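Asks:
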Amino acid sequence: MSSMLTSAIRSLPVSSAWAAGAFARSLSCSSQLQATAQPKTKKTLGKSGVKNVVVVEGVRIPFLQSGTSYADLMPHDLARAALQGLLTRTSVPKDVVDYIVYGTVIQEVKTSNVAREAALGAGFSDKTPAHTVTMACISSNQAMTTGVGLIAAGQCDVVVAGGVELMSDVPIRHSRKMRKTMLTLNRAKTLGQKLSLISKIRPDYFAPELPAVAEFSTSETMGHSADRLAAAFGVSRLEQDEYALRSHTLAKKAQDEGLLLDVVPFKVPGKDTVTKDNGIRPSSMEQMGKLKPAFVKPYGTVTAANSSFLTDGASAILLMSEEKALAMGYKPKAYLRDFVYVSQDPKDQLLLGPTYATPKVLEKAGLTLSDIDVFEFHEAFAGQILANLKAMDSDWFAQNYMGRKSKVGAPPLDKFNTWGGSLSLGHPFGATGWRPVI
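Per the working numbering, residue 90 is the first one in the sequence shown, and the count goes up by one each step.
#1: Quick one: complete beta strand (DSSP E) runs, 3+ long, within the stretch 464–519?
#2: Drop a sphere of 10 angstroms on the beta-carbon of G243, count the other beta-carbons inside from all chains shown, and report buried for 16 or more, exposed for fewer.
#3: Assign V185 to buried or exposed, taking buried as 16 or more other Cβ atoms, counted over all protein chains shown, within 10 Å of its Cβ.
#4: Is Q121 helix, strand or coil when you go by DSSP?
#5: Would you please state the rounded distance, in angstroms, between the beta carbons of D401 and L153? I believe it to be under 8 Å.
#6: In whole angstroms, give me the CA-to-CA distance for A403 and Q282.
#7: At the level of alpha carbons, what is the spacing between R276 and K269?
#8: Return the first residue and the last residue of the beta strand (DSSP E) that H220 is part of.
#9: Leaving aside the five residues before and after A416 along the sequence, list all residues of the same chain whose C-beta is less than 7 Å from its C-beta, in chain order.
#10: Is I240 helix, strand or coil by DSSP?
#11: Is the separation between the beta-carbon of G236 and that of L408 shorter than 7 Å?
#12: Beta-carbon within less than 7 Å of I474's beta-carbon, same chain only, minus the 5 sequence neighbours each way: which residues are those?
#13: Could you please give the first and the last residue of the uninterrupted alpha helix (DSSP H) stretch that includes A171?
#14: Sort S288, A340, N506, D187 by Cα distance to L478 and report the nearest one.
#15: Could you work out which residue in L502, I240, F518 is closest to V142 when comparing CA atoms only?
#16: Would P443 be called buried (16 or more neighbouring beta carbons within 10 Å of its own) or exposed?
#17: Would you mind listing the beta strand (DSSP E) stretches within the stretch 364–451 that are 3+ residues and don't spill past its ends, in chain order?
#18: Whole angstroms is fine: what's the gap from L67's alpha carbon to A321's?
#19: Which residues in the same chain have their Cβ closer than 6 Å to the Cβ of K129, if we skip the five residues on either side of it in sequence?
#20: Assign A250 to one of three DSSP states: helix, strand, or coil.
#21: Give me the Cα-Cα distance between K360 and L255, rounded to the nearest whole angstrom.
#22: Return the residue from the list T193, W508, G378 that minimises the CA-CA distance to M163.
#23: Do V463 and K504 have their C-beta atoms within less than 7 Å of each other?
#24: Identify whether I287 lies in helix, strand or coil by the three-state DSSP scheme.
#25: Could you give the first and the last residue of the continuous beta strand (DSSP E) run that contains V148?
#26: Can you check DSSP and say which residues form a bridge with V190?
#27: Run through the DSSP bridge pairs and tell me what E298 is partnered with.
#28: Thinking C-alpha only, which one of F305, D246, K381, L451 is nearest F428?
#29: By DSSP, does K356 sit in helix, in strand, or in coil?
#30: Would you say G252 and A423 are within 7 Å of each other, going by their C-beta atoms?
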């Protein structure tokens, strides 16, 4: 799987500090304000000849467990709600938005370009272009960096990007035999031809074709990959459960303290207003230890408790060129300075993207691990996170698999996913990647 990182610069009262990670959370003020506070250095300068791209604001509707309050909606309903939440939060005029990009993973056939349908539903002009991208769990990051590219290249000044996923209602197809028969039946010209085709339908034709959860190229589920990865790096079941409990505990603390300011309320048609994520459930090691392996049975270590859960949700982020943001009176929250995409062997290294991407983005930015204040890695599985941390802290792995002389090092946990992560907050595939950036 590909993986991506962003790095952003944060302005502090006395000195500048950087925040970067496999998706980085940071706050920032404009370079004009930085210039008045301190002289520019290599680390505070943007790229020569390239527009500064800033984050004005980002929001998401609450991430909910699939089968709950969003179960009767469609993906474009969730994306529309996120767009409307962004418009309300920022008061940005819809007519200044040059482009809209959304990410998703499981396509709803009726709304194949969900970005366009959501934009129209949210009241954007039919003259505003919109397109949809897909790149597994980092689809919304692909949407966001597409927006960064459009602005940096001077094609746009204002881009809205985001992602959406509705796991409550994934497309379930007829079997291929039935689909082929139905298409042939549609072309039949006479009643006799139609009756002949119908007579050939057999009971097994009616068996549904469930959505594939396995990687097409390897026929292996991501859960199996996580289990094998944990075993390869010696990550125990106990370690995975402890990390998952940490994620839920930190997320609950952040939620109770009002730190999850990116969440906007959503009035679900015919239901109550949803105001917070519903998957945050701090448990106990004893309760978690009772669960059986979910993928590799009976000896696997990945369980429902130390894996992210099926989630419905949507997000939206407002990107602008720095000049446009300042001209409109906005104070940028962050600068998007650099990002990196990497890809590995899907069989053995499917979930090791952060290990490969982190040193690359640090080198691009001229930084080291110790320069970073906040790290955000997507938590698909606790075993995946812990395996990456071990790989990053291994000279042997760096030398034998990455072609590097030495390890990059593992992020310290006191700077790592400090408000919880996907294990606790939820993982709506196409919408997840954006969340750690904000």
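Glycine is no exception: its CB is placed at the ideal position from the N, C-alpha and C atoms. In this text the structure is predicted, and so the values were computed from the model without any measurement.
Replies: In this structure, then:
#1: Taking only runs of at least 3 residues, no beta strand (DSSP E) segment lies wholly in the stretch 464–519.
#2: On the sequence shown, residue 243 is found 154 positions in, with the first residue counted as 1. By the 10 Å Cβ count, G243 comes out exposed.
#3: Taking the first residue of the sequence shown as 1, we reach residue 185 at position 96. Burial call: exposed.
#4: Counted from its first residue, the sequence shown places residue 121 at position 32. No answer about Q121 holds up, because its pLDDT of 39 lies below 50 and its placement is not dependable.
#5: Against the sequence shown, residue 401 aligns to sequence position 312. Against the sequence shown, residue 153 aligns to sequence position 64. Contact flag correct, Cβ pair sits at about 5 Å.
#6: As a working note, residue 403 is residue 314 in the sequence shown. As a working note, residue 282 is residue 193 in the sequence shown. Distance between the alpha carbons of A403 and Q282 is about 47 Å.
#7: For the purposes of this step, residue 276 is taken as the residue at position 187 of the sequence shown. For the purposes of this step, residue 269 is taken as the residue at position 180 of the sequence shown. Here the alpha carbons of K269 and R276 stand approximately 11 Å from one another.
#8: The count along the sequence shown starts at 1 and reaches residue 220 at position 131. From DSSP, the beta strand (DSSP E) with H220 extends over 219–222.
#9: Taking the sequence shown and counting its residues from 1, the one referred to as residue 416 is at position 327. Excluding residues within five positions, none has a Cβ falling inside 7 Å.
#10: Here residue 240 is taken as the residue at index 151 of the sequence shown, counted from 1. Three-state result, I240: helix.
#11: What you label residue 236 is simply residue 147 of the sequence shown in a count that begins at 1. What you label residue 408 is simply residue 319 of the sequence shown in a count that begins at 1. Result yes, Cβ atoms of G236 and L408 sit closer than 7 Å.
#12: For this step, residue 474 is matched to residue 385 along the sequence shown. Cβ neighbours of I474 beyond the five flanking positions: Y332, F466, E468.
#13: Position 82 of the sequence shown holds residue 171. A171 -> alpha helix (DSSP H) spans 164–179.
#14: The residue labelled residue 478 in the question sits at position 389 within the sequence shown. L478 has its Cα closest to that of N506, out of S288, A340, N506, D187.
#15: Mapped onto the sequence shown, residue 142 falls at position 53. If we check each option's Cα against that of V142, I240 comes out closest.
#16: To locate residue 443, count along the sequence shown from 1; it is residue 354. A buried status is given to P443, since no fewer than 16 other beta-carbon atoms sit within 10 Å of its beta-carbon.
#17: Counting only runs of 3 or more, we get 400–410, 427–431.
#18: With the chain covering 90 to 527 only, the question about residue 67 has no answer from this structure.
#19: Looking up residue 129 in the sequence shown gives position 40. Any reading at K129 must be qualified, since the residue scores a pLDDT of 40, below 50, and its modelled position is unreliable; the value itself is stated next. Excluding sequence neighbours, K129 sits near nothing in its chain.
#20: Residue 250 sits at position 161 when you count from the first residue of the sequence shown. Strand at A250.
#21: In the sequence shown, the residue the question calls residue 360 occupies position 271. In the sequence shown, the residue the question calls residue 255 occupies position 166. Approximately 17 Å, taken between the alpha carbons.
#22: Within the sequence shown, the letter at position 74 stands for residue 163. Here the closest residue by C-alpha is T193.
#23: Along the sequence shown, one-based indexing puts residue 463 at 374. Along the sequence shown, one-based indexing puts residue 504 at 415. The answer is yes: Cβ separation under 7 Å.
#24: Translated into positions along the sequence shown, residue 287 becomes position 198. Of the three classes helix, strand and coil, the one that applies to I287 here is helix, per DSSP.
#25: Mapped onto the sequence shown, residue 148 falls at position 59. Membership of V148 in the beta strand (DSSP E) is indicated by the continuous run 142–149.
#26: Taking the first residue of the sequence shown as 1, we reach residue 190 at position 101. Beta-bridge partners assigned by DSSP to V190: H220, A250.
#27: Within the sequence shown, the letter at position 209 stands for residue 298. Under DSSP, the beta-bridge partners assigned to E298 are R262.
#28: The residue given as residue 428 occupies position 339 in the sequence shown. The shortest C-alpha separation from F428 is found at L451.
#29: One-based indexing of the sequence shown puts residue 356 at position 267. Note: K356 maps to strand in three-state DSSP.
#30: Start at 1 with the first residue of the sequence shown, and residue 252 comes out as number 163. Start at 1 with the first residue of the sequence shown, and residue 423 comes out as number 334. If you check the CB distance, G252 and A423 do not come in under 7 Å.
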